[in-house]
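Undergrad: Encoded as C-alpha cells, here's the structure I'll be asking about.
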Amino acid sequence: MAKIPHRLYLTEDQMPKQWYNLRADMKELPDPMLNPATLQPAKEEDLYPVFCKALAHQELDDKTRYVDIPDEVQEMYKVYRPSPLIRAYNLEKALGTPAKIYYKFEGNNTSGSHKLNSAIAQAYYAKEEGLTSLTTETGAGQWGTALAEACAYFHLPLTVYMVKVSYEQKPFRKAIIHTFGADVIPSPSNTTEAGRKILAADPNNSGSLGTAISEAVEKAVTTDGCRYVLGSVLNQVLLHQSIIGLESKIAMEMLDEYPDIVIGCAGGGSNLGGLIAPFMQDKLTGKADPRFIAVEPASCPSLTRGKYAYDFCDTGKITPMAKMYTLGCEFKPSPNHAGGLRYHGMSPILSKLYHDGCMETVAVEQTKVFEAATMFAKIETILPAPESAHAIRVAVDEALKCKETGEAKTILFGLTGTGYFDMTAYTAYNEGKMTDYIPTDADLQVGFDKLPKLPGIQE
Ligand SMILES: *Cc1c(COP(=O)(O)O)cnc(C)c1O
C-alpha cells in the first residue's frame with residue numbers, strides 16, 4: 147500500500163479564501179502598462195472603458211499581497227473545486243523513474259479547463275458593478291465556454307465572437323455555449339462595423355482572433371452597460387488563477403512534499419502564473435529554490451524566441467500596451483493544433499520573471515507532445531487537452547533525466563484540461579498525419595518588424 151493517496155482533495159474548509167498577488171513579492175516589478183494614446187503609464191481610469199472598476203484596480207494593484215475571494219465566488223468555486231492533486235503512480239512506473247510526479251487537474255468542469263476560475267471572478271465583478279452584459283472572443287472555445295458558464299450563473303447576457311473557422315470546425319463548442327444561454331456569433335460578422343468592413347472586402351474571410359477581439363470590443367464600447375473580458379495574459383487573470391497554486395501548495399504540505407520542479411504549459415501564461423505563484427513566492431523570499439519551467443509550442447515560441455518589448459495585447463491594437471515577450475501582435479501562428487497556446491505574447495508578470503532569470507522555458511514540437519498525451523491517456527486514464535500535454539511532455543522528460551541520474555526529484559505539473567473537443571488533432575496524430583512546424587527566423591522577423599515604435603521608449 148502506498149503511503150501517499152492517488153488523489154488528494156482538500157476539504158471545503160481547507161480551500162483558500164484569498165488569491166495571492168505575486169507582484170507584491172517581486173523584487174522588480176514588470177514595466178507599467180502604457181496608454182497607447184499618451185504613452186504614459188495607464189491609470190485605473192484609463193482602463194474603465196474596457197474593464198469594470200474592480201478588475202481595473204486588480205490589474206494595476208501590485209502591492210496588495212492577498213486579495214479576499216468574494217463569498218459568491220467562493221460558493222461557485224465549491225461547485226467544482228477543489229481540483230484534485232494527483233500522484234501519477236502509473237506514469238512513474240511506466241517510465242521506471244525514481245522521480246515522484248504530481249499533477250493538479252483542472253479539467254473537472256464543463257469548460258474542460260482552468261479558465262472557469264477567472265471567468266467566474268470576472269462575471270461576478272461585472273454583475274456587482276451593475277453591468278448588464280459582457281462580450282468576449284474565443285478561438286479554440288474553452289474561454290467562451292467557461293465565460294458562458296459563469297454568465298449563466300450570474301444571469302449576465304453574453305455575446306461570444308467565435309473565429310469563423312473554429313465555429314465551423316467545432317460545432318459542439320458552439321452548442322455548449324448556446325446551452326448555457328450565451329449568443330455565439332461567427333466572426334467576421336455583419337453585427338459590427340469592423341466585421342462588415344472585412345466582409346465587404348472578402349465575403350469568405352474565415353476570421354482570426356484579432357478580428358474577433360475587434361468585434362467584441364466594438365460591441366462592448368457601443369453597448370450601454372457592456373464590457374469586454376479577456377481570459378489570459380492580464381495580471382487580474384493570473385491573480386484569479388493563483389487558486390491553482392495555493393490549493394496545490396496546501397495539498398503538498400499535507401503530504402509533507404515540496405516540488406523540486408514546477409512545470410506548466412504557457413499560452414498567455416495564466417495557468418502557469420497561477421500554479422507557480424505561491425512556490426515562486428518562496429523563491430523570491432528565499433524560503434525555497436524550486437525550478438520553474440514554462441513549456442510553449444515550437445510553432446509559437448514567444449518566450450524562447452520572442453522579443454522583450456512593449457506590444458499590444460490584441461491584434462486589433464485597441465488594448466493598452468504591455469512590456470512582455472512577444473512575437474509581435476501581427477504574428478500569425480501556423481494553423482496547428484496547440485489551439486489555446488497560439489498567442490503572440492506572454493503575461494507581463496511571467497515575462498519579467500523569465501527576464502530576471504527566475505524561470506526557465508522549453509519549446510516542444512507537436513508530435514512529441516501528442517506522443518506524451520496518448521501515453522498519458524492510456525495509463526492515467528485522462529485524455530489531456532493538447533495544451534496541457536505540453537506540460538506532460540516536459541514532466542516526462544524531466545522524470546527520464548532523473549532515471550539517468552538516479553535522483554528522486556519531486557515534480558509538479560499543471561494538467562489544465564481535457565481534450566474531448568480536440569479529436570481532429572488526435573485523429574491526425576493517430577493516422578500519422580500530424581506535422582511539426584517551426585517558424586524560421588525570417589518568419590518571426592515579419593512580426594518583430596511590426597512592433598510599435600515608441601519614441602524614447604523603444605525604437
Ligand atoms: C487556454 C488554455 C491554456 C493556455 O492558456 P494560459 O493562459 O497560458 O494558461 C492551456 N490549457 C488549456 C486547457 C486551455 O484552455
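Oh and the sequence shown: position 163 is 309 in the numbering used here, straight run, nothing missing. Idealized CB from N, CA, C, for every residue including glycine. Just so you know, these numbers come straight off a predicted model, no measurement behind them.
1. I need the DSSP call for threonine 450, collapsed to helix, strand or coil.
2. If distances are taken between C-alpha atoms only, which option among His536, Cys446 and Glu511 comes closest to methionine 492?
3. Is any non-hydrogen atom of ligand 1 found closer than 8 Å to the C-beta of glycine 452, if you look at the structure I gave you?
4. Once you ignore the five residues that flank valine 618 on each side, which residues in its own chain have a CB closer than 7 Å to its CB?
5. Ligand 1 and glutamine 288: does the residue's C-beta get closer than 8 Å to at least one heavy atom of that ligand?
6. Consider the C-beta atom of asparagine 417 and the heavy atoms of ligand 1; say whether any pair is separated by less than 8 Å.
7. What is the DSSP secondary structure of glycine 563, counted as helix, strand or coil?
8. So is glutamate 577 buried or exposed if we call it buried at 16+ other beta carbons inside 10 Å?
9. Which runs of the alpha helix (DSSP H) at least 4 residues long sit entirely within the region 469–554? Give them in chain order.
10. Looking only at its chain, what residues have a beta carbon closer than 6 Å to the beta carbon of aspartate 207, apart from the 5 residues adjacent to it on each side?
11. Please state the DSSP three-state secondary structure of lysine 273.
12. In the DSSP assignment, find the beta strand (DSSP E) that holds glutamine 606 and state where it starts and stops.
13. Are the Cβ atoms of glycine 391 and proline 424 separated by less than 9 Å?
14. So, using beta-carbon positions, are aspartate 171 and lysine 498 closer together than 9 Å?
15. Check whether the region 189–209 touches the region 445–461, taking contact to mean three or more Cβ pairs, one atom from each stretch, closer than 8 Å.
16. Report the residue from Ile439, Val542, Thr465 and Ile407 whose alpha carbon sits nearest the alpha carbon of proline 182.
17. Please go through the region 200–244 and give each complete alpha helix (DSSP H) segment of 4 or more residues, from N-terminal end onward.
18. Near isoleucine 323, which residues of its chain fall below 7 Å by C-beta distance, leaving aside the five closest residues on each side in sequence?
19. Between the Cα of glutamine 186 and the Cα atoms of Leu487, Val441 and Ala468, which residue gives the shortest distance?
20. Considering only the alpha carbon of each residue, which of Pro532, Ala537 and Ala269 lies closest to phenylalanine 567?
21. Please work out which residues of its chain come closer than 6 Å, Cβ to Cβ, to tyrosine 471, disregarding the five sequence neighbours upstream and downstream, and give them in chain order.
22. In terms of DSSP beta bridges, what is aspartate 329 paired with?
23. Just how far apart, CA to CA, sit methionine 505 and alanine 537?
24. Give the straight-line distance between the Cα atoms of histidine 386 and asparagine 255, rounded to the nearest whole angstrom.
25. Check the DSSP bridge columns for phenylalanine 438 and list the partner residues they point to.
26. For lysine 343, which residues does DSSP report across the bridge?
27. Evaluate serine 480 with the Cβ neighbour count: other Cβ atoms within 10 Å of its Cβ, from every protein chain shown; 16 or more gives buried, anything less gives exposed.
28. Would you mind working out which of Ala200, Ser312, Ala509 and Arg153 sits nearest glutamine 382, comparing C-alpha positions?
29. Okay, do the region 227–236 and the region 247–265 touch, 3+ Cβ pairs below 8 Å being the bar?
30. So what does DSSP say about glutamate 399, is it helix, strand or coil?
TA: A quick look at the data gives this:
1. helix
2. Cys446
3. no
4. Only positions 147 to 605 of the chain appear in this structure, which leaves residue 618 out of reach.
5. yes
6. yes
7. strand
8. exposed
9. 494–501, 512–526 and 532–551
10. none
11. helix
12. Residue coverage of the chain in this structure runs from 147 to 605, which leaves residue 606 outside it and unanswerable.
13. yes
14. no
15. no
16. Thr465
17. 217–226 and 235–241
18. Gly290, Thr291, Ala294, Val306 and Val330
19. Ala468
20. Pro532
21. Ser448, Leu449, Gly452, Tyr454, Met492 and Ser497
22. Thr305
23. 15 Å
24. 16 Å
25. Val408
26. DSSP lists no partner for lysine 343.
27. exposed
28. Ala200
29. yes
30. helix
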